[in-house]
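To start, the structure itself, in structure tokens.
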Amino acid sequence: MHHAYTESGNKRNPAASLHARARDRRPSSVGERARVQARRGDGMAAHVLVFPCPAQGHINCMLHFAAGLLDAGLHVTFLHTDHNRRRLGLAASVVEADSPRPRFLSVTDGLPDDHPRTAGDLVALVESMMTTTRVAYRALLASLRAGAPRDDGFPPVTCVVADGMLPFAINVAEELGVPALAFRTASACSFLAYLSVPKLVELGEVPVPAGADLDAPVRGVPGMEGFLRRRDLPSFCRGDDGTGGLHPMLKIIAEFSAHSCNARALILNTTASLERSALAHIAPHMRDVFAIGPLHAMFQQPAAGGALWREDDGCTAWLDSQADGTVVYVSLGSLAIISVEEFTEFLSGLVSAGHPFLWVLRPDMVGASQNAVLQDAIKAARRGKARVVEWAPQRDVLRHRAVGCFLTHAGWNSTLESVAEGVPTVCWPFFVDQQTNSRFMAAVWGTGLDMKDVCERAVVERMVREAMESVELRRSAQALAQQVRQDIAHGGSSAEEFKRLVGFINELSISTRGSTPSPDKE
1 MHHAYTESGN
11 KRNPAASLHA
21 RARDRRPSSV
31 GERARVQARR
41 GDGMAAHVLV
51 FPCPAQGHIN
61 CMLHFAAGLL
71 DAGLHVTFLH
81 TDHNRRRLGL
91 AASVVEADSP
101 RPRFLSVTDG
111 LPDDHPRTAG
121 DLVALVESMM
131 TTTRVAYRAL
141 LASLRAGAPR
151 DDGFPPVTCV
161 VADGMLPFAI
171 NVAEELGVPA
181 LAFRTASACS
191 FLAYLSVPKL
201 VELGEVPVPA
211 GADLDAPVRG
221 VPGMEGFLRR
231 RDLPSFCRGD
241 DGTGGLHPML
251 KIIAEFSAHS
261 CNARALILNT
271 TASLERSALA
281 HIAPHMRDVF
291 AIGPLHAMFQ
301 QPAAGGALWR
311 EDDGCTAWLD
321 SQADGTVVYV
331 SLGSLAIISV
341 EEFTEFLSGL
351 VSAGHPFLWV
361 LRPDMVGASQ
371 NAVLQDAIKA
381 ARRGKARVVE
391 WAPQRDVLRH
401 RAVGCFLTHA
411 GWNSTLESVA
421 EGVPTVCWPF
431 FVDQQTNSRF
441 MAAVWGTGLD
451 MKDVCERAVV
461 ERMVREAMES
471 VELRRSAQAL
481 AQQVRQDIAH
491 GGSSAEEFKR
501 LVGFINELSI
511 STRGSTPSPD
521 KE
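UniProt numbering puts the first residue of the sequence shown at 1, with every later residue one more than the last.
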């Protein structure tokens, strides 16, 4: 039985109250798009600098957001790190008169190119960006704010939308007289958990000590007291800094989450039908909140600028050769690292489940002796049981008729993509928000199964078979997908919220044009 997701305290529907003030309308006709282009040309349109945290999931989400801004007639500059721009092979500027695209620029992340940028190295990346990147970003934004000529037709930047994991980008923008909004690419439920860290500490819920009962219920996260367990808190709530204090990454993310309260507004890639209670509990902490997802289902990502790994172009043909609903799609995301032993358990369980599977296996995903274990996967593929690829066009895969379930790390982008396509999930959450997302899929929405922290072949086999065969899971997944389609359709909550956001940005931009940049200060 699924748990009701309650709203204790604040009963208002944030989406209903917020989109009631919507004014702007996205261009929908050829003539209207032509007028949008004319506004771009004469400098009337707002110019938004979009700055994501340099991880694949953050980039994907904010590229879809950038596409929505372009569709609404705004100018967009998309800021990568130098390291990622080299990986993507992007030119500094990509502009075509008949096909609006972001202008791609970049700044250093302060790390050598050969420095690891996986899940275990996040503290080093964050610390480097807070210092080295901050300086480079300030210089670039000051230039873009002043409208320094670049021979590319872009007017001065009038607004910044920065990843909430880059709080310095918000601070610097406001110091330079550019209004800044925070964009969190995680779920609203996990963001609320991070906002609740001070209360969780006060109640003695975190840090969760080693050996504690992880299935014990948790107090302190509003609206989730009935179903949230210790194991469902963001991963860094477990363990400490070696002295009994909070894990360093938990301190960082909780601090950054609280900092988002200072931005002009908070943008979340979610929808009221999925996370109504979390949105209601977040709203009192923010100056404004926009729930505008799932963005991947609303806007087509620009052709350039997305995948940091080479997408396999044979996935679709392979799926075409499989029967309807028979394939297990497996992807643990862009940051997870698994051991050789875990890989072996996954592989054995998948083979024993008896279904063909498509497995995304990044080159940097498996620990030592990767070449040896990859050979096992390749042998399985050659027996016709599987296809193993470096990266896959995930949205196309999930909407393919042959896919029956998704074995996922429960990252928020993957969660939204599976929800939008009505695909049941088997969740093996790795870190950060994924534990919370997994709990929602299993206990709140009823669209998935939660493997908890277990990586054993028997569990993999059992859960894959259940997800492939369960009529109830598939019915719940398809019903939720239908609700999400209504949210993003004309007049739906997310569509109306996006219109309101565009109007909000335009109003900020008008005030920015009439102001004088504040003196540069450190």
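All residues carry an ideal CB built from backbone N, CA and C; glycine is no exception.
In whole angstroms, what is the alpha-carbon distance linking residue i and residue j?
i           : j      : result
residue 525 : VAL484 : Since the first residue shown for the chain is 1 and the last is 522, residue 525 is missing from the structure and cannot be characterised.
PRO217      : MET224 : 10 angstroms
LEU350      : PHE236 : 29 angstroms
THR77       : LEU250 : 31 angstroms
ASN84       : VAL161 : 19 angstroms
LEU473      : THR133 : 45 angstroms
PHE104      : GLN478 : 37 angstroms
THR512      : LEU74  : 15 angstroms
SER222      : SER494 : According to the sequence provided, residue 222 is Pro. The question's Ser does not apply to it. Cα to Cα, PRO222 sits roughly 23 angstroms from SER494.
ARG383      : THR326 : 16 angstroms
SER260      : GLY204 : 25 angstroms
GLY314      : GLU469 : 27 angstroms
MET365      : PHE357 : 18 angstroms
ARG86       : ALA124 : 20 angstroms
residue 526 : LEU480 : This structure leaves residue 526 out entirely; the chain is present only between 1 and 522.
GLY354      : SER106 : 46 angstroms
ARG219      : ASP240 : 19 angstroms
LEU361      : GLN394 : 13 angstroms
With distances taken Cα to Cα, identify the nearest neighbour of residue i among the options.
i      : options                        : result
GLY492 : HIS285, THR270, MET365         : THR270
GLU255 : ARG229, PRO198, ALA280, GLN300 : PRO198
ARG228 : VAL471, LYS499, ARG475, ALA442 : Before going on, a small fix: residue 228 reads as Leu here, not Arg. For LEU228, the nearest C-alpha among the options comes from ALA442.
HIS296 : ASP450, MET165, TRP412         : TRP412
VAL471 : PRO424, GLN322, LEU195, ALA142 : PRO424
GLY226 : MET463, CYS455, VAL444, THR132 : VAL444
ASP232 : GLY220, ASP215, LEU246         : ASP215
ASP320 : ARG87, VAL201, ALA402          : ALA402
GLU497 : MET130, ASP288, ASP109, LEU192 : ASP288
ALA66  : ALA481, PHE191, PHE183, TRP359 : PHE183
SER334 : ALA283, HIS355, HIS285, ALA410 : ALA410
ARG387 : ARG230, VAL50, TRP359          : TRP359
ASP114 : ALA323, LEU200, ASP82          : ASP82
Please tell me whether residue i and residue j are closer than 8 angstroms, where the distance is taken between their beta carbons.
i      : j      : result
PHE431 : CYS189 : no
PRO179 : LEU501 : no
ARG145 : LEU181 : no
ASP450 : SER438 : yes
GLY293 : LEU416 : yes
PRO112 : LEU70  : no
GLN301 : HIS64  : yes
TYR137 : ALA169 : yes
VAL464 : CYS405 : yes
LEU246 : VAL208 : no
LEU192 : ILE282 : yes
TYR329 : VAL397 : yes
Spatial neighbours of residue i within its chain, please: CB distance less than 6 angstroms, with the 5 preceding and 5 following residues excluded, ordered by chain position.
i      : result
ASN506 : ALA46
SER352 : GLU461
HIS400 : LEU319
MET298 : ILE488
ILE510 : none
ILE253 : TYR194
LEU332 : HIS409
GLY422 : ALA477, GLN478, ALA481
Return the chain-ordered list of same chain residues with a C-beta closer than 8 angstroms to the C-beta of residue i, the five sequence neighbours on each side being excluded.
i      : result
HIS58  : PRO52, ASP163, MET165, THR185
VAL459 : GLY349, MET451
Locate the alpha helix (DSSP H) running through residue i, then write down its first and last residues.
i      : result
ALA495 : 493-513
CYS189 : 188-195
ARG474 : 471-488
VAL444 : Unbroken run through VAL444: none, as it is neither H nor E.
For the beta strand (DSSP E) that contains residue i, what are its first and last residues?
i      : result
HIS409 : Note, HIS409: premise wrong, no beta strand (DSSP E); not H, not E.
GLY448 : 448-450
CYS53  : Looking at the DSSP string, CYS53 is not in any beta strand (DSSP E), and its letter there is neither H nor E.
LEU79  : 75-81
ASP163 : 159-163
ARG103 : 103-107
ARG387 : 386-389
For residue i, which residues of its own chain have a beta-carbon under 7 angstroms away from its beta-carbon, when the five flanking residues on both sides are left out?
i      : result
GLU456 : GLU345
ARG310 : GLU390, TRP391
PRO156 : HIS47, LEU144, ARG145, ALA146, GLY147
ASP324 : ARG401, ALA402
Heavy atom of the ligand GDP less than 7 angstroms from the Cβ of residue i, yes or no?
i     : result
PRO52 : What this structure holds is no ligand at all, so the ligand GDP is not there to describe.
Quick check on residue i - is its C-beta less than 8 angstroms from some C-beta in chain D?
i      : result
GLU421 : The structure shown contains no chain D; it holds only a single protein chain.
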